[in-house]
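Participant:
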C-alpha cells in the first residue's frame, strides 16, 4: 500500500530572499539548494542549517542554474515540496474573531503577479491569513507568484475557501466582509478605516467583477482608488493601498462593544446620582 506524499506540490523558488524565507518559515519544504560558485560564499553561514535538514547544496554554472530555476536566476534557487493547503471551516472564523485576527480573501485571481502583490502587501503591514477561493487556489503554487513575492508568500498562512458564498453566509454574524470592486461601490477614503464593533474583518479582493453569489454577503463595498472614467489601476497597483488601508482599522477590544456601552451607561447613572 502506497502512503500518500504529505508534500505533493513541487515548487522552485528563486533568489536569496525567497530561499532564506523558506528556511525560516518552512524549512521542511526544502529539498535542494542550487547556487553559482560566485554566490556560494554568501550561503556559508546557513550550511549548518541545510546540513541538519538533510538539504543538498549544489554549485553549478550560470546556465545550469537558470535551467534548474526554470526562469531567470543569477544567484541561488531551491527545489521545495509543499503540502496542500488546509480548508477554512466555520470554526476557524470563531477562532479568528476571538484572537481579533483580520483576514484577506483572494477570490477569482488568475494573475500570479497580482497574488504576489497581495502577499507582499500583507507581509508589509502585518497581516498573516490569506484565504484562496474562486480559482485562486489554482495558482497557489505558480512559481511566478512565489518568486515575485520575494519571500512574502512564505510568511503567510494560506488556506482554501471552498464554496465561499455559502461559507460567508454561515459566518456573517461573526465576520464583516469588506470588498473591493473595479466598477461598483462607494469611493474609498484611504484616510478613514472601516469600524465594525464586536466583529473581525475580512477584506475580499476579487480578480475581476464581484461574484454575484458573494455580493449579498458583503457589508461594505468600495471601488478601486482613482477617478471614474480615467485609466484604471491594475489589481497589482491597488493591492498595497487597499491592504494598508485595511490594516489601519482598529482591532476590536477584548471587552467588546456592548460591554463598553453598558460600562458607559453605568458610569453615567453613577455620575447623576445625588450625593
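In my numbering, the protein residues as written are 11 to 285. Beta carbons: idealized from backbone N, C-alpha and C, even for Gly.
(1) For residue 171, tell me which candidate among 258, 101 and 76 has the shortest Cα-Cα distance.
(2) Looking at the structure shown, is residue 258 part of a helix, part of a strand, or coil, going by DSSP?
(3) Assign residue 157 to buried or exposed, taking buried as 16 or more other Cβ atoms, counted over all protein chains shown, within 10 Å of its Cβ.
(4) So which of 197, 189, 153 and 25 has the shortest CA-CA distance to residue 84?
(5) Nearest CA to the CA of residue 226: which residue from 188, 204, 87 and 248?
(6) Could you name the residues of the same chain whose beta carbon sits closer than 7 Å to that of residue 120, not counting the 5 residues immediately before and after it, in chain order?
(7) Considering only C-alpha positions, which residue in the set 70, 27 and 31 is nearest to residue 48?
(8) What does the alpha-carbon distance come out to for the pair residue 139 and residue 159?
(9) In its own chain, which residues sit with a C-beta less than 6 Å from the C-beta of residue 213, not counting the 5 before and 5 after it?
(10) Pull up the distance between the alpha-carbon of residue 200 and that of residue 42, whole angstroms please.
(11) For the alpha helix (DSSP H) containing residue 108, list its first residue and its last residue.
(12) Name the two residues that bound the continuous alpha helix (DSSP H) containing residue 78.
(13) Taking the alpha helix (DSSP H) that residue 32 belongs to, which residues open and close that run?
(14) Using the three-state DSSP reduction, which class does residue 44 fall into: helix, strand or coil?
(15) Leaving aside the five residues before and after residue 122 along the sequence, list all residues of the same chain whose C-beta is less than 6 Å from its C-beta, in chain order.
(16) Taking its Cβ as the centre, do 16 or more other Cβ atoms sit within 10 Å of residue 53, making it buried, or is it exposed?
(17) Helix, strand or coil: how does DSSP classify residue 23 here?
(18) Assuming contact is defined by CB atoms lying nearer than 8 Å, are residue 33 and residue 59 in contact in what I supplied?
(19) Got a sec, what are the start and stop residues for the beta strand (DSSP E) residue 119 sits in?
(20) Between the region 240-255 and the region 126-133, can you find at least three pairs of beta-carbon atoms closer than 8 Å?
(21) Which runs of the beta strand (DSSP E) at least 3 residues long sit entirely within the region 155-196? Give them in chain order.
(22) How big is the Cα-Cα spacing for residue 78 and residue 67?
(23) What are the start and end residues of the beta strand (DSSP E) that includes residue 39?
(24) Can you give the beta carbon distance from residue 192 to residue 234, rounded, assuming they're within the 8 Å contact cut?
(25) Pull up the CB-CB distance for residue 27 and residue 195, whole angstroms please, since I reckon it's below 8 Å.
(26) Which term fits residue 73, buried or exposed, when burial requires 16 or more other beta carbons within 10 angstroms of its beta carbon?
Facilitator: Put simply:
(1) Stepping through the chain shown from its first residue, residue 171 is reached at position 161. For the residues 258, 101 and 76, the minimum Cα distance to residue 171 belongs to 101.
(2) In the chain shown, the residue the question calls residue 258 occupies position 248. For residue 258, the secondary structure class from DSSP, reduced to helix, strand or coil, is coil.
(3) As a working mapping, residue 157 is identified with position 147 in the chain shown. By the neighbour-count rule (16 or more Cβ atoms within 10 Å), residue 157 is buried.
(4) Position 74 of the chain shown, counted from the start, is the residue given in the question as residue 84. It is 25.
(5) Taking the first residue of the chain shown as position 1, residue 226 is located at position 216. That would be 188, whose Cα lies nearest to the Cα of residue 226.
(6) For the purposes of this step, residue 120 is identified with residue 110 of the chain shown, where counting begins at 1. Within the same chain, 145, 149 and 217 come within 7 Å of residue 120 by CB-CB distance, once the 5 residues on both sides are set aside.
(7) Along the chain shown, one-based indexing puts residue 48 at 38. Checking every option, the nearest Cα to that of residue 48 belongs to 70.
(8) As a first step, residue 139 must be located in the chain shown, where it is residue number 129. As a first step, residue 159 must be located in the chain shown, where it is residue number 149. Distance between the alpha carbons of residue 139 and residue 159: 15 Å.
(9) Translated into the one-based positions of the chain shown, residue 213 becomes position 203. Correct list, in chain order: 114, 188 and 256.
(10) Start at 1 with the first residue of the chain shown, and residue 200 comes out as number 190. Start at 1 with the first residue of the chain shown, and residue 42 comes out as number 32. The straight-line gap from Cα to Cα measures roughly 44 Å.
(11) The residue you call residue 108 lines up with position 98 of the chain shown. From DSSP, the alpha helix (DSSP H) with residue 108 extends over 100-108.
(12) Taking the chain shown and counting its residues from 1, the one referred to as residue 78 is at position 68. Here the alpha helix (DSSP H) through residue 78 covers 72-79.
(13) On the chain shown, residue 32 is found 22 positions in, with the first residue counted as 1. Per DSSP, residue 32 belongs to the alpha helix (DSSP H) from 26-35.
(14) For the purposes of this step, residue 44 is identified with residue 34 of the chain shown, where counting begins at 1. Three-state result, residue 44: strand.
(15) For this step, residue 122 is matched to residue 112 along the chain shown. Answer for residue 122: 149, 152, 154 and 155, listed in chain order.
(16) By one-based count along the chain shown, residue 53 stands at place 43. Buried, by the Cβ-count rule.
(17) Here the question's residue 23 lines up with position 13 in the chain shown. Strand, per DSSP.
(18) Within the chain shown, numbered from 1, the residue matching residue 33 stands at position 23. Within the chain shown, numbered from 1, the residue matching residue 59 stands at position 49. The criterion of a C-beta distance shorter than 8 Å is satisfied by residue 33 and residue 59.
(19) The residue given as residue 119 occupies position 109 in the chain shown. Segment: none, residue 119 is in no beta strand (DSSP E) and carries neither H nor E.
(20) Touching, per the Cβ criterion.
(21) You should have 167-170 and 185-191.
(22) Walking along the chain shown from the start, residue 78 turns up at place 68. Walking along the chain shown from the start, residue 67 turns up at place 57. Each residue's Cα considered, the two are about 13 Å apart.
(23) Within the chain shown, residue 39 is the residue found at index 29, counting from 1. Unbroken run through residue 39: none, as it is neither H nor E.
(24) Counting from one through the chain shown, the residue named residue 192 turns up at place 182. Counting from one through the chain shown, the residue named residue 234 turns up at place 224. Going by Cβ atoms, the distance from residue 192 to residue 234 rounds to 5 Å, so yes, they are a contact pair.
(25) Translated into the one-based positions of the chain shown, residue 27 becomes position 17. Translated into the one-based positions of the chain shown, residue 195 becomes position 185. Actually they are not in contact, since the Cβ atoms of residue 27 and residue 195 sit about 35 Å apart, beyond 8 Å.
(26) Position 63 of the chain shown, counted from the start, is the residue given in the question as residue 73. In summary, residue 73 is exposed, with fewer than 16 beta-carbon neighbours lying within 10 Å of its beta-carbon over all protein chains present.
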